[in-house]
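Just so we're aligned: the sequence shown equals residues 246 to 488 in my numbering.
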Amino acid sequence: MSTVQAGVGHSSDFTRWTSEFEAKVTARAAAGDPDWSRGARLEPAVVRSVQRFQVGESGDGANLIGKADRAGDPEYSAAVRLFIAEERNHARMLGLLLEAAGQPTISGHWTDAVFVRLRRALGLRVELMVLMLAEVVALRYYRALRDGCGDPLTTQVAGLILADEQRHVPFHCQRLRVAFAATSRPARLFAVAVWWSLILGVAVVVAADHGAALRQFGLGRTDFMRGVFGLFAVIVPSAIPLR
Ligand SMILES: [Fe+2]
Ligand SMILES: [Fe+2]
246 MSTVQAGVGH SSDFTRWTSE FEAKVTARAA AGDPDWSRGA RLEPAVVRSV QRFQVGESGD
306 GANLIGKADR AGDPEYSAAV RLFIAEERNH ARMLGLLLEA AGQPTISGHW TDAVFVRLRR
366 ALGLRVELMV LMLAEVVALR YYRALRDGCG DPLTTQVAGL ILADEQRHVP FHCQRLRVAF
426 AATSRPARLF AVAVWWSLIL GVAVVVAADH GAALRQFGLG RTDFMRGVFG LFAVIVPSAI
486 PLR
């Protein structure tokens, strides 16, 4: 939670994020990859769940890069490229984790197809709002996977991904604050209301779709949704302040 709240300065300067993302690239190179050869043991429900998250992480990001470039802030564009590289690395690690468990990746899932189509149709601001829905779900999901899977390699991979996701949230919050700075209070209120209704729907779908895996982690569907809403309640005022 503290990491989510961090970085709530009101700057439109994104150099901080390029340096944080670059520092992480260096740290990752120094630490090396998890030892995939130790293998992983995953329950079938967890395999299906991880396969779907792997697809979700593997989007190419060209669309977001295009919108970021058109927004005309080179520093933000550079940070977005590093952000997307980090998400691709999540997909790569989850793919290798599945391989370590003797399981294939999947080529697509309807939830991801809907998500991608929705994001493409939108401008940068709304795209970031939709992307944030995935980030907040990811925060709760990878914590549950890390703490509840009972497999050492999976715990390590989930912990690495979770640490990145905790940085992604304040990064998007900062860009959203910039994007909403000139928006009237009623319009911001409307955006907040729509955003909350979207996270309600997304949390219900994810809880239903991944319910069996969440149960393996000792987390009920309601607990999962409550966790997502608790995180979102901190994110919303940071991204779209109403004062
Ligand atoms: Fe990710
Ligand atoms: Fe992320």
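Where a beta carbon is used, it is the ideal one built from N, C-alpha and C, also for glycine.
Quick check: Arg422 and Ala403, are their CB atoms within less than 9 Å of each other?
Along the sequence shown, one-based indexing puts residue 422 at 177. Along the sequence shown, one-based indexing puts residue 403 at 158. In this structure, Ala403 does not lie closer than 9 Å to Arg422 by Cβ.
So for Leu464, helix, strand or coil by DSSP?
Stepping through the sequence shown from its first residue, residue 464 is reached at position 219. Of the three classes helix, strand and coil, the one that applies to Leu464 here is coil, per DSSP.
Taking Cβ to Cβ, would you say Leu434 is nearer than 9 Å to Leu367?
Within the sequence shown, the letter at position 189 stands for residue 434. Within the sequence shown, the letter at position 122 stands for residue 367. Result no, Cβ atoms of Leu434 and Leu367 do not sit closer than 9 Å.
Would DSSP call Arg488 helix, strand or coil?
Here residue 488 refers to the residue found at position 243 when the sequence shown is read from its first residue. Note: Arg488 maps to coil in three-state DSSP.
Just checking Ala392 against ligand 2 - is the residue's beta carbon closer than 8 Å to any of the ligand's heavy atoms?
The residue given as residue 392 occupies position 147 in the sequence shown. The question names Ala, but residue 392 is Asp in the sequence shown. Not so, every heavy atom of ligand 2 lies at least 8 Å from the Cβ.
Could you check which residue in Leu476, Gly475, Cys394, Asp454 has the C-alpha nearest to that of Arg466?
The residue given as residue 466 occupies position 221 in the sequence shown. The shortest C-alpha separation from Arg466 is found at Asp454.
In or out: Ser352 buried (at least 16 other Cβ within 10 Å) or exposed?
Position 107 of the sequence shown, counting from 1, holds the residue named residue 352. Result: exposed.
By Cβ distance, which residues of its chain are closer than 6 Å to Leu369, with the 5 residues on each side in sequence left out?
In the sequence shown, residue 369 corresponds to position 124, counting from 1. So the list reads Lys312, Ala316, once near-sequence residues are dropped.
Determine the direct distance from the alpha carbon of Leu339 to that of Ala458, and round the result to whole angstroms.
On the sequence shown, position 213 is the one that residue 458 refers to. On the sequence shown, position 94 is the one that residue 339 refers to. For Ala458 and Leu339, the distance between alpha carbons rounds to 15 Å.
Could you give the uninterrupted runs of the alpha helix (DSSP H) lying entirely in the segment 335–415, keeping only those of 4 residues or more?
You should have 355–365, 369–393.
What do you get for Ser303, buried or exposed, if any count of 16 or more other CB atoms within 10 angstroms of its CB means buried?
Numbered from its first residue, the sequence shown carries residue 303 at position 58. Buried.
To the nearest angstrom, how far is it from the Cα of Ala272 to the Cα of Phe328?
As a first step, residue 272 must be located in the sequence shown, where it is residue number 27. As a first step, residue 328 must be located in the sequence shown, where it is residue number 83. If you take the alpha carbons of Ala272 and Phe328, they lie about 15 Å apart.
Asp409: beta carbon under 8 Å from a heavy atom of ligand 1?
Position 164 of the sequence shown holds residue 409. Yes, the beta carbon of Asp409 sits closer than 8 Å to at least one heavy atom of ligand 1.
With a CB to CB cut of under 7 Å and the five nearest residues on each side skipped, what residues in its chain are close to His354?
Along the sequence shown, one-based indexing puts residue 354 at 109. Counting only Cβ-Cβ distances below 7 Å, and skipping sequence neighbours, we find Arg297, Val300.
What first and last residue would you give for the alpha helix (DSSP H) that runs through Asp454?
By one-based count along the sequence shown, residue 454 stands at place 209. 430–454 is the extent of the alpha helix (DSSP H) around Asp454.
Are the C-beta atoms of Met377 and some chain B residue less than 9 Å apart?
Here there is only one protein chain, and chain B is not present.
Assign Ser294 to one of two classes, buried (16 or more other C-beta atoms within 10 Å of its C-beta) or exposed (fewer than that).
The residue given as residue 294 occupies position 49 in the sequence shown. Per the 10 Å Cβ criterion, buried.
Do the CB positions of Glu331 and Phe266 come within less than 9 Å of each other?
Reading the sequence shown from its first residue, position 86 is the one you call residue 331. Reading the sequence shown from its first residue, position 21 is the one you call residue 266. Their beta carbons are under 9 Å apart, which means Glu331 touches Phe266 by this criterion.
Express the C-alpha separation of Gln411 and Ser247 in angstroms, rounding to a whole number.
By 1-based counting over the sequence shown, the position of residue 247 is 2. By 1-based counting over the sequence shown, the position of residue 411 is 166. Confidence in Ser247 is poor, its pLDDT being 40 and thus under 50, which makes the residue's placement unreliable; the coordinate value appears in the next sentence. Each residue's alpha carbon lies about 9 Å from the other.
For Ser483, count neighbouring Cβ atoms within 10 angstroms of its own Cβ and tell me buried if that reaches 16, exposed if not.
Your numbering for residue 483 matches position 238 in the sequence shown. When all chains shown are included, Ser483 counts as buried.
Shorter than 8 Å, the distance from the beta carbon of Ile406 to the closest heavy atom of ligand 1, or not?
Taking the first residue of the sequence shown as position 1, residue 406 is located at position 161. The answer is yes for Ile406.
Is any heavy atom of ligand 2 found at a distance shorter than 8 Å from the C-beta of Ala389?
What you label residue 389 is simply residue 144 of the sequence shown in a count that begins at 1. Outside the cutoff, so no.
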